[in-house]
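A quick write-up on the structure given underneath.
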Amino acid sequence: MLAYIIRRLLLIIPTLFAIMVINFVVIQAAPGGPVEQIIAELKGTAVGATARFGGGGGGDVGGGASANANQSRGARGLDPRVIEQLKVQYGFDKPPIERFLLMMRDYLTFDFGRSYTHDRPVVQLIKEKLPVSISLGLWTTLITYLVSIPLGIKKAVRDGSTFDVSTSTVIFVGYSIPSFLFAVLLIVLFAGGTYWSWFPLRGLTSDDWIALDWPHRILDYLWHITLPTTALVIGNFAGITMLTKNSFLEEIHKNYVVTARAKGLSERRVLYGHVFRNAMLLVIANFPAAFIGILFTGTFLIESIFSLDGMGLLGYEAAINRDYPIMFSTLYVFTLVGMVMKLITDLTYTVVDPRIDFGTRGA
64 MLAYIIRRLL LIIPTLFAIM VINFVVIQAA PGGPVEQIIA ELKGTAVGAT
114 ARFGGGGGGD VGGGASANAN QSRGARGLDP RVIEQLKVQY GFDKPPIERF
164 LLMMRDYLTF DFGRSYTHDR PVVQLIKEKL PVSISLGLWT TLITYLVSIP
214 LGIKKAVRDG STFDVSTSTV IFVGYSIPSF LFAVLLIVLF AGGTYWSWFP
264 LRGLTSDDWI ALDWPHRILD YLWHITLPTT ALVIGNFAGI TMLTKNSFLE
314 EIHKNYVVTA RAKGLSERRV LYGHVFRNAM LLVIANFPAA FIGILFTGTF
364 LIESIFSLDG MGLLGYEAAI NRDYPIMFST LYVFTLVGMV MKLITDLTYT
414 VVDPRIDFGT RGA
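Counted the way this note's numbering counts, the sequence shown spans residues 64 to 426.
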């Protein structure tokens, strides 16, 4: 097993490098790089930017091809020396290959440079935004799995019953409602929109959170996170519930289950002592994708609606403003976390079913 873990960790290096290369090349072909953005702002023709560019240089972080291409049309009327200074300031005076290699060298030590937009170290920005995204991702994933797995098992045991049909109707109605629309409904109902004002409308904690004692800090945090988490959770029940149900249904009718029942084992012992191990493998395999999806891609609208300053909003602003240090660094971190989560999932297989031994297989 140790050899397998080492092989998987070593495999992360070329995989991560290849992903960064592909995305760097794609960004190279995208129009409207940081230099063009700042030129447009200087000329008063900027469109779609959410914040004015700061004066901080991005160093050697990669950028678009348009930043090095002929900018005569966009820069007409500006002193060419100003344009050259901008290229040097944002690191676009170097060839793309050199920029990429310098970027990867810095990323090995998690040095992500400075944000073009915020003129602050990217690591500092990520540290500030990540708690919001982690809170939403962890609570949403935890609640989804804690509810969906027992519900899916019960639906499999009572397949075709009134309970099965009614719960399927409810979870699929929830699945059909977009999370942002449900978030608006929650605000109208419970955050002072029209009816009750039971929950706060913005932020992860209250302004005086630091002055509270720890019990009240925890309650304040849970008070703020309730509505955003509920909006994200409501649409996630269907997938995990039906996956659990179908996995158990497939296992319940196999010969080893019939044999276990024939030996006089209780239904609970059959389900959780025999069926559970095999049926849960598919559910566990879906965990990394579910967690990463919620954590990094599914929270932008929820963060915007509830005024939560997290990674989703930061990534959106970076894409709009062509803030390449943030774009590439978040891609690097998210990809690395995703691959580590995949390895953890494989190791979890051995906990659920000790018969699985990756150490006897090739990587």
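C-beta: ideal position from N, C-alpha, C; glycine also.
Minimum Cβ-Cβ distance from residue i to chain C less than 9 angstroms
i, result
"residue 388", "No chain C appears in the structure shown, which is made up of a single protein chain."
Proximity test, residue i beta-carbon vs the ligand GDP heavy atom, cut-off 8 angstroms
i, result
"residue 348", "In the structure on display, the ligand GDP does not appear, and there are no ligands present to speak of."
Between the CA atoms of residue j and residue i - distance to the nearest angstrom
i, j, result
"residue 211", "residue 277", "31 angstroms"
"residue 180", "residue 302", "38 angstroms"
"residue 273", "residue 193", "19 angstroms"
"residue 259", "residue 247", "14 angstroms"
"residue 208", "residue 300", "8 angstroms"
"residue 269", "residue 195", "14 angstroms"
"residue 412", "residue 342", "11 angstroms"
"residue 155", "residue 163", "11 angstroms"
"residue 233", "residue 366", "26 angstroms"
"residue 144", "residue 99", "15 angstroms"
"residue 75", "residue 402", "7 angstroms"
"residue 205", "residue 253", "23 angstroms"
"residue 239", "residue 229", "16 angstroms"
"residue 319", "residue 333", "10 angstroms"
"residue 372", "residue 382", "16 angstroms"
"residue 340", "residue 231", "24 angstroms"
"residue 172", "residue 79", "14 angstroms"
"residue 186", "residue 223", "52 angstroms"
"residue 414", "residue 369", "38 angstroms"
"residue 282", "residue 374", "24 angstroms"
"residue 311", "residue 216", "7 angstroms"
"residue 331", "residue 317", "16 angstroms"
"residue 69", "residue 147", "46 angstroms"
"residue 346", "residue 387", "36 angstroms"
"residue 170", "residue 87", "14 angstroms"
"residue 306", "residue 298", "14 angstroms"
Where the alpha helix (DSSP H) containing residue i begins and where it ends
i, result
"residue 83", "65 to 92"
"residue 290", "277 to 296"
"residue 322", "318 to 325"
"residue 333", "330 to 333"
"residue 265", "Segment: none, residue 265 is in no alpha helix (DSSP H) and carries neither H nor E."
"residue 348", "339 to 348"
According to DSSP, residues forming a beta bridge with residue i
i, result
"residue 260", "254"
"residue 158", "BP columns for residue 158 are empty, so no partner."
"residue 177", "184"
Reduced DSSP category for residue i - H, G, I as helix; E, B as strand; rest coil
i, result
"residue 143", "helix"
"residue 241", "coil"
"residue 372", "coil"
"residue 401", "helix"
"residue 248", "helix"
"residue 384", "helix"
"residue 409", "helix"
"residue 221", "coil"
"residue 362", "coil"
"residue 299", "coil"
"residue 207", "helix"
"residue 172", "coil"
"residue 270", "coil"
"residue 414", "helix"
CB of residue i within 9 angstroms of CB of residue j, strictly
i, j, result
"residue 294", "residue 249", "yes"
"residue 389", "residue 245", "no"
"residue 322", "residue 82", "no"
"residue 188", "residue 377", "yes"
"residue 90", "residue 391", "yes"
"residue 202", "residue 292", "yes"
"residue 199", "residue 362", "yes"
"residue 315", "residue 338", "yes"
"residue 149", "residue 85", "no"
"residue 97", "residue 384", "yes"
"residue 287", "residue 266", "yes"
"residue 328", "residue 336", "yes"
"residue 355", "residue 400", "yes"
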